[in-house]
Amino acid sequence: MSDILSTPHFETALARRAAPAGLGFAVREMTDRGMIDLRGLASDRKFMTAVKGVLGTDLPKAPRSAVAWGDIKVLWLSPDQWLVLCPRARAVALAAELTAALAGIHSQVTNVSDMRTVLRLEGANLRTTLAKGTSTDLHAAEVKPGFVKRLKFAEVGALINIVEDQIFELYVFRSQADYVWDFLIAIGGSAAELHLFGKQSPA
Amino acid sequence: MSKPRRLSSGGSRIDRSSRVSFTFDGKLMSGYRGDTLAAAVMANGQRLFGRSYKYHRPRGVIGLGSEEMNALVGVGTGARHEPNARATQVELFEGLAAVSQNRFPSLSFDVGAINNTLSRLFPGGFYYKTFMWPKVFWKHIYEPVIRKAAGLGVAPEGRDPDSYEQIHVHADVVVVGGGVAGLAAAEAAAVMGARVIIADENAVLGGISDLEDGTIDGAPQAEWARAAAQKLYDAENVHVLTRATVVGHWHHNYVMIAERVGDHDPAIPKSGAPRHRLWKVRAKQVILATGALERPIAFANNDRPGIMLATAVRAMVQRYGVAPGEQGVVFTNNDDAYLTALALKEAGIAVQVVDSRARADGALPERARAAGIAISTGSVISAVKGKLGVEAVKIASYRKGQGRVVSERSAPCDFIAVSGGFNPAAHLWCHNGGKLTFDEGLQSYRPGSHADAIVAVGAAKGTMALADIMAEARAAGEAAAKVALPKAKAAKLAKLAISEDARKPLEAIWFAPATGKYNEGNKHFVDFQHDVTVADLELAQREGYESIEHTKRYTTFGMATDQGKVGNLNGLGAIAEATGKTIPEVGFTTFRPPYTPTSFGAITGSLTKKLFLPVRQTPVFDWHMMKGAVFEPVGQWRRPYTYPRDGEDKHVSIAREILNVRNNVGVLDASTLGKIEVKGPDAGAFLDRIYTNMMSTLKPGRCRYGLTLNELGFIMDDGVVVRFDDERFLVHTTSGGADRIAAWLEEWLQTEWTDYRVFVTPVTEQWAQFAVAGPRARDVIAALKPSFDVSHEALPHMSFVEGTLGALPVRVYRISFSGELSYEIATPANHGRALWDALLQAGAPHGILPYGTEALHVLRAEKGYIVVGDETDGTTTPDDVGLSGLVSKKKADFIGKRSLEQAHLKAPNRKQLVGLYTENPEEVLPDGAHAVAEVKDKPPMKTIGHVTSSYLSPTLGRSIAMALIENGRARMGDVLSFPLDGKVVRATVVDPVFYDKEGARLNV
Amino acid sequence: MQPRYSIFSLARNALNYHKDWERAWRSPAPKAEYDAIIIGAGGHGLATAYYLAKNHGITNVAVLEKGWLGGGNSGRNTTIIRSNYLQDPSIAIYELSRSLYEDLSQDFNYNVMFSPRGVLMLCQTEHELRAFKRTAHANKLAGLDCRMVSPQEAKEILPILNIDPQCRYPVLGAYYQPRGGTGRHDAVCWGYARGADQRGVDIIQNCEVTGIMRDGARVTGVETTRGPIKAKKIGVVTAGHVTTIMDMAGVRMPIESQCLQALVSEPIKPIIDCVVMANTVHGYMSQSDKGDLVIGGGTDSYNNYSQRGSFPALEHTIAALVETFPILSRLKLMRMWGGIVDMTGDRSPIISKTPVDGLFVNCGWGTGGFKSIPGSGWVFADTIANDRPHPIAEAFGLNRFAEGRFIDESVAAAVAH
Amino acid sequence: MLTLVCPVCGAHGDETDFHAGGQAHIRRPASHDPEHISDQEQADYLFTRINPKGLHFERWRCDRGCGKWFHAARDTVTLEFKAYYGITELPPPDIMAQARGAWADYFKARQKAAAKAGAKS
Ligand SMILES: Cc1cc2nc3c(=O)[nH]c(=O)nc-3n(C[C@H](O)[C@H](O)[C@H](O)COP(=O)(O)OP(=O)(O)OC[C@H]3O[C@@H](n4cnc5c(N)ncnc54)[C@H](O)[C@@H]3O)c2cc1C
Ligand SMILES: NC(=O)c1ccc[n+]([C@@H]2O[C@H](COP(=O)([O-])OP(=O)(O)OC[C@H]3O[C@@H](n4cnc5c(N)ncnc54)[C@H](O)[C@@H]3O)[C@@H](O)[C@H]2O)c1
Ligand SMILES: Cc1cc2nc3c(=O)[nH]c(=O)nc-3n(C[C@H](O)[C@H](O)[C@H](O)COP(=O)(O)O)c2cc1C
Ligand SMILES: [Zn+2]
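Residue numbers (our numbering), protein chains in the order written: chain H, 562 to 764; chain U, 551 to 1554; chain Y, 182 to 598; chain F, 69 to 189.
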């Protein structure tokens, strides 16, 4: 028993799910991601300065945007809410640093590294494939790398972040990861692959 | 009747080198790739496709495509059967199995046809006048017979093996319809750089351009269409959809397209592609280029197999190389149908024209005359001979407005092509409130004004001359692109040289007279599928069902699967003539989605089976599965209800789990409990508004049970609030309430108390949380190398500590829902499984066992603790359940406080929570059983309250129940009666705390 | 006097090709004054007029309708009739209504096709099962014929039901009311209209009420698009449009108007012989005598007067029904539509006097008032005739909101169709 | 299926990305003077709603965007959105001017109160 406690088993939501085959894109769970939910007022200069002091970067103020600095990345969620990403191993310490730096400033720092499952999707046709799950216009001009948005995906709430043109990260609640995984398999089969716009050959 | 009718040449759509065999009603037939089922069956010499709805009259193909309302067939077998498919739209494939519908025992001999013989008894709406006597006959005889006769096809058997999906798309311009108008509009918009989606319900673009005359740049218009289509396929910014019906138009230009991906080739769905795909398109601009639908002219017995619309006859010959018969009559009131006569003549089929107009001297009639086709002007078809087909017609002379014909002559023929003009397909225009105007030239309604960003072009707008269509469509495409992309440059498309034989005006004729009057037994059908005749419509007017909406509902006119696409205007025209009104005065019925019937599969998309709704899983869900837990849905979660061991009955396993908690120790997966962190200088004040009790006075490190009410004063949720430090609280909610309460807190902060400095972050899923409950709970924790003191003194009841168990970070709350010594231990979710395993391992020597929600419920009932949703139901106040002690008297305000003052919420005879002991300790009152004021021999009996929870308590070795009883607290010791089917159970009112009233077991 | 309808009169009229049928109701011009005016010729308004004439001998009555009679929600509902409500006041009015339905065709000699084919309400969570057990117990003691059935029994009643315990929302049991069912909604309106008309009531269509005339605290008549009409008693029965009229009278109502949608499939041979409701997944279905499946779900969440709903509300209903009845997948949606329903704060109706003398209101039937047409008309006519609430109407007064005396049926885990 | 635009974050999307929160500008009496609320006032607060056929003012939440509540002006017949504005704000003056019936009365009262408060300070 003592081994259970000294080297505890770390088990993410999809640890027991086999990687799906036959999809038009690659998908895997990112297990090494630390996540901190940060609340504060963008209008509060003290807050912004204190955060920058810890993270080394300004918090993004533009809706649906992200900034990265070293191994830290911050996703905009709301005018008073951000998701700070860091290596999982750093999350506890980083949350503590933020909490300390923000002492006395109206804010909230919550380590939520285990709350969401991060799915990394890679493929050339993701925008179209994911459109089978969300009404958000992923083809819109402003939807470029760096784009962040909460959205409805299939029947659950999710967060999308475009990392590179062909790499998307989908954040879903841990309890719903299994469902989303199944949904991706259902919509992503290569037989159902669909190319939107572009040259077509008549049926 | 089975003489093959395939012409030796012709057929632009078929591939004569590729034979396809299929069956119709079990009969093996053959056709060509490219055929529709309608064409192929007719090519095999069969015209009879089905039976009508009410009179079971024999029916054949009428139309060209999706407007077909007669030739409805069942396609496919077993679980892949689709009823009511339109034979004109079904594309032929090898092995296709189709069956006719609504006939017994066979298509050509159908006993239901007796209805036709008796039809004189069955005018429109006859059933409202009869079947009332004797009363009992309705349920047992009349209705069962009516129901059996009703309906068309049969449902499939079993679950659909195919899959479906949906996709959301955003486009600058959506063009509906791929005829020349749609193609031209799409091209113009695309050239300007707009993202264009063009959808057509047919397999091939081009609309009816291949059936029409008229040239563009010297070539037939169909060739221009082919080239234009190719350009769209090639364009980077255009998506072309075929076999894709735009089924609806909703608010803010939400356009829905149902694409039949795999109906024409069963290999496609079998490969894993969806059978249908539903496109949900947000369009900045919509261009309707849906063309026009040909309408018939009603005449006596105008429903016989072999009577088709003129364009449909043309398509049979020109697209499929199928002769509709050997000798035909074209019956028309317009010039366009002369193209059909010419096509027939060219194919070597004998034809004459009957034109209701006094003169037919347009370019097309002249061409027909020149070709040697006989034309009878000022004439109508007044009668049809033949039952299962056409054998001859009577042709009579006619002057507009003539009520009955006087002289008629017989003409042999075996098919009729009829055209009464064209109605713009304005259905989609109306779905979201577009207005129609009546066009005297067309004698039809066409699009008028619309509040949305939508325009109609081409025949859909009522524009019929090719040159006008092209100019209008291009301009609309450009204008749409311009609005969507204000910076785009003009399209500057090369001018088109267009020539076309000019059409002379049509002359309205809705139904042709016969020798008798139309309402004297002649059947002039206007709604073929539902067997509604002109006489039925006229009867409805006379009986007072004058509003067109009444007429529709009284006669079922336009309510069939085609929704009146073909015949509705004839009906309106006939009503106008019968009542002396104009057609606009008659009005029209509301157009509603979908444009054509759409599979429920497509509307469901991929959300079937486990994808229908998520099952939320806790971090130890796999363990529960592995242990064979029986699950209970709680919101979207599935929680273990109990863990039966091999062969164990549920009751046995639940009792075992309960006793183990009371005697040893149990562990429960409580991860689903809602958890919300609330922080800020005003957090305490804020929670004071939310909870009935005081939260601002809670000491750091301590826990307090709280109640939340809605503004009506009724209990909404409950849970333990923990204070971490001055500014930080953790709020627990019920599993089902987690999201609701988080949203509730945000709402009040954002909308009411906007000056409170408080942040709220839901963290339910961050934590796996397990309750370790039982007299040996402390021993289990102690065995896990806690970094903190677990003694009663250091960690008393209702306190909290954060630390580690071994290497696992944990938050430990000493709270209890079982009445035993109990700890709820939370660890980050990805460590959940490790903690769970560790607890089971460390607890093994102490007899630890997992317990499920049912054991939990019994344990808490033994203690008299309420469950929100069981003891409360949305009309329950804190006092009702004995919790008035939790309602602060000191606070000026909290949510729900003022409502608690309303008279009825303080009324003296409210139901109050009590415990119950049945007289027979083994008798378990059923959930929801009601007590009565007085037992009577039979109902009604006045009830005074009901059982909210009821269990066999293994701890007490007897049944216990909780109940809400009028004035219950004043009835302690009274015996109440619960009449149940055939017996009365009696129970004594007792205190709802059944076990350990002093709470001694908690404080150890 | 109108001839009676029967198989004999049909046969007689057939001889003359049905040319001698008389109007089912007249189309009179409005008189200058009536004893009572009913605003709104929906089922409730027409039934009120009918019973005013029949039960109370008040025949100098006009029913004013802005469009065509029966064209409101009464003409666009899913026709479910049941009385298995939880709260006593609800049971009283819905059971009165259901029992009147039993004899309605004979009462006014017009076949309304009341079809007590049984209503089956599925329980798909433990919570729902408990709630329905509670309702069943209450209903039995109120004298209703009903019972709880097991999944297997439910499948016997409804063979196409999916009772796989592994499915997303397994069927755990069901509440069954054998004498619940459906009726032919249009015929209910037409039958009441014909019956009222025969007794002298003027039904005036295409006559929109545009103002309420008052003399101090009393009503004196209405303004309409066809001129002013006087009356000392006015009953407002305009469902989704009730606030537009009550605003004219200066009475603010606890009502919001929302769109509820329904749909029908293509007709198929009978596959379901009862009404089935699945409240957890917000779907309900029956098969009409014509063969189409009649399906409904929940309301849109925002106010709406357009009679056109939003697609997502129905989409989820359809997904749920396909899950519960997998053979639906290859059947096809034929038509969908919306109606504007009048939602009260506690989702129960209002049958009440108002602060204005002579002004009565009957509304708030929301998503579930087709089944209550006969009962509601009965007690509302009595209320208007006697200028005091009928005993069954008492609980449904406007005053209940200020007293906190809600009649909240949602606690029975039931949607109210 | 409506489309909306959130005035806080600019997100636009389908109605399924938003949450409809009913009538706007409802004053909660207990937040102000909990001691002096008549039964009728409380009932009005809880249940009496402005339910116009035409221009209406509502609360919505940007559910799948920034999570913030905001106000919107919408026509309940055409379902067109006429304006979006902050959750603590009044509608733009031109839209407010189009309000009818109970809404017109309400805004008039609000403006009068604001003018009075302005005059005092
Ligand atoms: C889709 C749907 C499904 C439903 N399903 C069921 C069900 O299964 N079972 C059930 O019991 N109930 C159901 N209902 C509810 C039921 O239809 C209604 O509660 C009931 O029909 C209301 O009848 P009514 O007479 O009060 O109103 P309506 O039938 O709406 O009549 C009101 C009339 O007032 C008229 N009017 C409005 N304003 C004016 C004016 N200014 N001047 C003159 N006239 C005016 C209207 O034109 C209308 O004809 C459903 C409702 C809908 C919309
Ligand atoms: N001069 C005349 O009297 C006259 C009369 C009739 C037709 N015409 C000819 O009619 C044609 C008119 O061209 P047009 O492009 O306006 O019409 P069209 O009929 O050629 O094309 C309309 C297309 O839209 C499709 N469609 C309709 N509703 C749809 C929906 N909901 N979803 C998807 N597709 C849908 C139709 O199937 C068809 O393919 C020209 O070829 C013209 O010469 C002329
Ligand atoms: C119980 C019921 C059954 C219906 N059956 C049909 C039907 O078979 N065919 C049809 O076209 N419409 C049917 N409808 C819908 C009506 O055509 C119509 O859409 C509805 O009454 C609303 O009116 P509106 O669409 O004119 O606004 C039915 C409606 C109801 C209430
Ligand atoms: Zn936003």
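The beta-carbon is built from N, C-alpha and C at its ideal position, and this holds for glycine as well.
None of these values were measured; they are calculated from a predicted model.
Give the straight-line distance between the Cα atoms of residue i and residue j, rounded to the nearest whole angstrom.
i	j	result
Ala583/Y	Lys1456/U	13 Å
Ile748/H	Glu725/H	22 Å
Gly1216/U	Val1330/U	10 Å
Tyr350/Y	Ala501/Y	9 Å
Phe681/U	Gly402/Y	42 Å
Glu214/Y	Glu389/Y	16 Å
Gly78/F	Lys136/F	11 Å
Tyr1145/U	Ala637/U	17 Å
Glu1057/U	Glu641/U	36 Å
Tyr1545/U	Gly1507/U	12 Å
His1496/U	Pro359/Y	24 Å
Val723/U	Val746/U	5 Å
Glu644/U	Val570/U	5 Å
Cys544/Y	Ile807/U	38 Å
DSSP has residue i in a bridge; who is on the other side?
i	result
Met517/Y	Leu444/Y
Ser906/U	Its beta-bridge partners do not exist; DSSP assigns none.
Residues of chain H with CB under 7 Å from residue i, in chain order?
i	result
Gly135/F	Ser639
Would you mind telling me which residues of chain H sit closer than 9 Å to residue i, beta carbon to beta carbon, in chain order?
i	result
Asp784/U	Lys760, Gln761
Please state if the CB of residue j and the CB of residue i are separated by a distance shorter than 8 Å.
i	j	result
Ala1411/U	Ile1510/U	yes
Ala1064/U	Tyr603/U	no
Val836/U	His802/U	no
Ser190/Y	Lys679/U	yes
Asp428/Y	Ala170/F	yes
Ser960/U	Ala946/U	no
Pro161/F	Tyr153/F	no
Ala860/U	Asn1120/U	no
Thr751/U	Ala699/U	It is Glu, not Thr, that sits at residue 751/U in the sequence shown. No. Outside cutoff.
Can you pull the chain U residues whose beta carbon is under 8 Å from the beta carbon of residue i, in chain order?
i	result
Ser208/Y	Gly1094, Glu1096
Leu158/F	Within chain U, no residue comes near Leu158/F; the closest Cβ sits about 14 Å away, beyond 8 Å.
(request) When you get a sec, list the residues whose CB is within less than 6 Å of any heavy atom of ligand 5, chain order please. (result) In the structure shown, ligand 5 is absent; the only ligands present are ligand 1, ligand 2, ligand 3 and ligand 4.
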